[in-house]
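Q:
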Amino acid sequence: MRIREFDEKILSELEQAGYIRRKDLLEVLKAKYAKEKGFSTTSLNRRIGELISAGKIGVIEPAEFAEYGISDEDKRAKYLISGPYADKKRVVDGLIAKSSTGDQFEKRLALKEIKRNLAEYSLNPVQLSRLSTCLGADEDTDKLVIEILHEALLKQRSCIGEEERASLIGDVSQALGAYTLPPVNTSKNLLLEILGFFSDEFMVEMLKVDLERVEGEKELLSKEDDEVRKKTWIKTVYHSKYLIHAFEENIDSLLEQMWKYNEMGKKEGHQDERKIALIIDDLLDYIAENRDKAVYYEKMCGARK
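Using this note's numbering, read the sequence shown as starting at 38 and increasing by one per residue.
Right, dumping it as C-alpha cells:
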C-alpha cells in the first residue's frame with residue numbers, strides 16, 4: 038500500500054473520532070483493516086509517530102483535557118488529534134460563541150455552518166454542552182440546535198464528563214416542555230431520542246403524560262383492539278432504538294402503567310381506556326424484540342452499544 042493511502046486511512050479515522058487515545062486508534066484501525074497488508078501494530082505505531090513528527094497529528098496533553106471536554110482520570114494519558122481538526126475546533130468555538138450571543142439572524146447563520154461541518158467534524162463534549170444552552174431562544178433556532186445535538190451526540194464515540202452530561206440533559210429536558218404538542222413533531226422526537234440515548238428517566242415520565250393524552254382520544258379508543266395498536270401515535274414517537282435501553286431500565290414503571298390502565302378499564306364507563314394497556318403491551322413487545330438493536334450511551338466508558 039502506498040504511504041499516501043496509508044496516511045489517508047489513519048487520518049480519516051482520526052478525523053471521525055475527533056480525538057482518541059493512541060492505543061484505541063490502533064485497535065480501531067487493526068479491526069477495520071484486518072485483511073489488508075501493512076496494518077500491523079508495529080507498522081501503524083511507526084507511521085503514527087512519523088505523522089506526529091510531521092505535524093499532521095497533534096497530541097493533547099492532560100493540561101488541555103478540559104478545553105476539549107475530555108473525561109479521563111488517567112493524568113498520564115495523551116490523546117491524538119488531527120491538524121485539520123484542531124483548526125476546525127477554533128472555527129466551531131467561534132461559531133458557538135455567535136450562536137450564544139448573536140441576534141436571531143446571526144445565530145441562524147452560525148448554526149447552519151456548524152451543521153454543514155458535522156460530516157467532517159465531531160463536536161467535543163464542551164462544545165455540545167455550550168450549544169445546548171442556546172435552546173429556548175426561538176423555534177427556528179431550537180430546530181437547528183436540536184438537529185445538531187441529535188446528529189452529533191448519537192455518533193459520539195468519546196466519553197462525556199459528568200458535568201457536561203448533566204448540563205446537556207438538563208437543557209434538553211427543559212426544551213422538551215415547549216414541544217410536547219402536537220403529540221407527534223420532529224423536535225419532540227429528536228429530544229426524546231437524546232434523553233433515551235442517555236437512559237434518562239424523564240423520557241419515561243413524558244410517556245406517562247402522553248398516555249394521559251390518549252385517554253381523551255375517544256374515537257381511537259372506540260376502535261377494535263388491533264386498530265388501536267396500529268393507529269396510535271405512541272408507536273410513532275416511542276418505538277425507537279434510542280429509547281429501548283431507557284425503557285429497559287424503567288421496565289417496572291411501564292408495567293405499573295399497563296396494569297393501572299387495565300384496572301381503570303374495569304370501571305363502568307371506562308372500558309375503552311383499558312385499550313391503553315394494549316398500547317403499552319405493544320411497546321413492551323417492541324422492546325423485547327429489538328433489545329439487540331438498542332443504541333445508548335455507556336456511562337462507565339462512553340462507548341455505544
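Glycine is no exception: its CB is placed at the ideal position from the N, C-alpha and C atoms. Since the structure is predicted, the reported quantities are computational estimates derived from the model, not experimental observations.
Using a Cβ distance threshold of 8 Å, determine whether the region 147-159 contacts the region 99-114, with at least three qualifying pairs required.
A: No, the region 147-159 does not touch the region 99-114.
Q: Assuming R153 is part of the alpha helix (DSSP H), what are its boundary residues?
A: Start and end: 141-153.
Q: So, helix, strand or coil for S224, using DSSP?
A: helix
Q: Rank S77, S236, K46, E201 by C-alpha distance to the C-alpha of A331 and give the top, closest one.
A: S236
Q: Are S259 and L205 touching if we call contact CB-CB under 7 Å?
A: no
Q: Taking the alpha-carbon of Y275 as reference, which of R250, I317, I97 has the nearest alpha-carbon?
A: Nearest neighbour of Y275 by Cα position, chosen from R250, I317, I97, turns out to be I317.
Q: Give the DSSP-derived three-state secondary structure of Y334 in the structure shown.
A: strand
Q: Please report the distance separating the alpha-carbon of A123 from that of Y298.
A: 54 Å
Q: So what does DSSP say about L117, is it helix, strand or coil?
A: strand
Q: Identify which residue in Y323, I57, D309, Q211 has its Cα closest to the Cα of G264.
A: Note that residue 264 corresponds to Glu in the displayed sequence, not to Gly. The residue with the shortest Cα to Cα distance from E264 is D309.
Q: Helix, strand or coil for G306 per DSSP?
A: coil
Q: Examine the Cβ distances between the region 141-151 and the region 39-55 and report whether three or more of them are shorter than 8 Å.
A: no
Q: Going by other Cβ atoms of all chains shown within 10 Å of its Cβ, with 16 needed for buried, is D247 buried or exposed?
A: buried
Q: How big is the Cα-Cα spacing for I94 and G75?
A: The straight-line gap from Cα to Cα measures roughly 19 Å.
Q: Do G233 and L172 have their C-beta atoms closer together than 7 Å?
A: Against a cut-off of 7 Å, the Cβ pair of L172 and G233 comes out as no contact.
Q: What did DSSP end up calling Y279 once you bin it into helix, strand or coil?
A: coil
Q: Out of curiosity, what's the CA-to-CA distance linking H187 and Y333?
A: 13 Å
Q: Buried or exposed: which applies to D289, given that a residue is buried once 16 or more other Cβ atoms fall within 10 Å of its Cβ?
A: Under a 10 Å Cβ-count criterion, D289 is classified as exposed, with fewer than 16 other Cβ atoms of the shown protein chains found around its own Cβ.
Q: Can you tell me whether T269 is buried or exposed? The criterion is at least 16 other CB atoms within 10 Å of its CB, across all chains shown.
A: buried
Q: By the three-class DSSP mapping on this structure, what secondary structure does G233 have?
A: helix
Q: Rounded to whole angstroms, what is the Cα-Cα separation between L117 and K272?
A: Taking C-alpha positions only, L117 is separated from K272 by approximately 43 Å.
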